[in-house]
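Let me begin by presenting the structure, written as structure tokens, before commenting on it.
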Amino acid sequence: MSVVKIQNKKALEQLQARLTLRLGRKPTQIEILDYCLILANDNFEKLVELVSNMPVLSLEKSEQIIEARNKLKNVIYDEEATFTCRDDEDIYTE
Amino acid sequence: MVRIMGVFLDTGFYLGLCHPKDQHAEESEKILKLLSGGEHGLVYSSNLIISEVTTLAAVRSNNNINVLNHLGNLIWGKQKIATILYFESYLESETWELFKKINTFDLKDSRPISFVDVSSIILCQHHQIDRIVSFDQHFDRFLEKIKILHITG
């Protein structure tokens, strides 16, 4: 068996404590890590996002974005709004 | 060369996600859902696009804090949609040369393409991104545009 060092051991212990309370028995840390691997495989895109720190779009996320945007419907939005500076006006308007 | 699937977001797309009354709101919503499927790969934009979209959102919303917070969330927050590529100094001369070529030769008698738009083309070339979400026709000859199908009748 190979040994893998865990940097955040405290988080694993806290997870173990929370699971113990819910299950009524104390699962081993190896058992917990095995289940974490199953979870990671089932949520692979989320894992990619965590590991790479790259944002990953999902349908759920896009619906949340649209919902948040649509809540702004009563806010003024003027596509003809002008800049006070002529140079900005030239740069930003078609 | 192996091409990495990826798509670049232009200013207009972000603005369409900023406010429901934006002229591209409906189209941006449909494209966002299309991109959520994942078949177009990872999503990118640039720090220069951020400069444009934040300024325009502030002007158009009359500096509304809710609009700006929503936009900030799309760019840097929990609902971040794209990896931001940085337009760095080593890309400047290449961008400048293309900017001059397009504007003085290809678009000689037309409205010029902006330096920011040319920087997007150069960034995409350097990161092997061959698609763009934009409502700007300037990109047509350089990058494949993702468009939604308009169903009529």
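Chains as they are written, first to last, in my numbering: chain B, 1 to 94; chain A, 1001 to 1153.
Quick reminder that beta carbons are idealized off the backbone N, C-alpha and C, glycines included.
Since we're looking at a predicted model, the values are computed, not measured.
- Closest in alpha carbon position to A:C1018, among B:L12, B:M54, B:S62, is B:S62.
- Beta-bridge pairing by DSSP links A:F1008 to A:Y1044, A:I1132.
- For A:I1084, the uninterrupted beta strand (DSSP E) run begins and ends at 1083-1085, by DSSP.
- Just measuring C-alpha positions, the residue of B:L21, B:R18, B:E49, B:L33 sitting nearest B:V4 is B:L33.
- Annotation: the continuous alpha helix (DSSP H) that includes A:G1072 extends over 1065-1075.
- The beta carbon of A:L1032 falls within 8 angstroms of a beta carbon belonging to chain B, placing the residue at that interface.
- Rounded to whole angstroms, the separation of the alpha carbons of A:Y1014 and A:E1027 is 11 angstroms.
- Taking all protein chains in view, the Cβ of B:Q7 is surrounded by fewer than 16 other Cβ atoms within 10 Å, so the residue is classified as exposed.
- By the neighbour-count definition (other C-beta atoms within 10 Å, threshold 16), A:Y1044 is a buried residue.
- Contact of B:Q64 with chain A by beta-carbon distance below 8 angstroms involves Q1079.
- A direct Cα-Cα distance of roughly 11 angstroms separates B:E67 from B:E60.
- The C-alpha of B:A11 lies about 10 angstroms from the C-alpha of B:A17.
- By the criterion of a C-beta distance shorter than 6 angstroms, A:N1062 is surrounded by no residue of its chain, once the five residues flanking it on both sides are discounted.
- With three or more CB-CB distances shorter than 8 angstroms, the segment 1085-1094 of chain A counts as touching the segment 1040-1060 of chain A.
- Near chain B, meaning a CB-to-CB distance below 8 angstroms, the residues of the segment 1047-1076 of chain A are E1052, T1055, L1056, V1059, R1060, S1061, N1062, N1064, N1066, V1067, H1070, N1073, L1074.
- Checking the DSSP bridge columns, you'll see A:E1144 partnered with A:R1131.
- Bounds of any alpha helix (DSSP H) do not take in B:L57, whose DSSP letter is neither H nor E.
- The beta carbon of A:L1071 sits closer than 6 angstroms to those of C1018, A1057, all from its chain and outside the five residues before and after it, given in chain order.
- Only buried fits A:D1022, as 16 or more other CB atoms lie within 10 angstroms of its CB.
- Contact annotation for A:P1112 against chain B: no contact, minimum CB-CB distance about 11 angstroms [criterion: below 9 angstroms].
- The beta carbon of B:N43 is closer than 7 angstroms to none in its chain, skipping five residues each way along the sequence.
- Using a Cβ-Cβ cut-off of 8 angstroms, B:A81 counts as an interface residue toward chain A, since at least one Cβ of chain A sits closer than that to its own.
- When secondary structure is reduced to three states using DSSP, A:G1016 falls in the helix class.
- In this structure, A:I1121 is the residue among A:W1076, A:K1080, A:I1121, A:G1038 with its C-alpha nearest to the C-alpha of A:E1097.
- Residues of chain B with a Cβ closer than 8 angstroms to the Cβ of A:L1123 do not exist, since the nearest Cβ in that chain sits about 16 angstroms away.
- Within chain A, the residues placing a beta-carbon under 9 angstroms from that of B:K73 are H1019, P1020, K1021, ordered along the chain.
- Just measuring C-alpha positions, the residue of A:E1052, A:P1112, A:E1039 sitting nearest A:V1007 is A:E1039.
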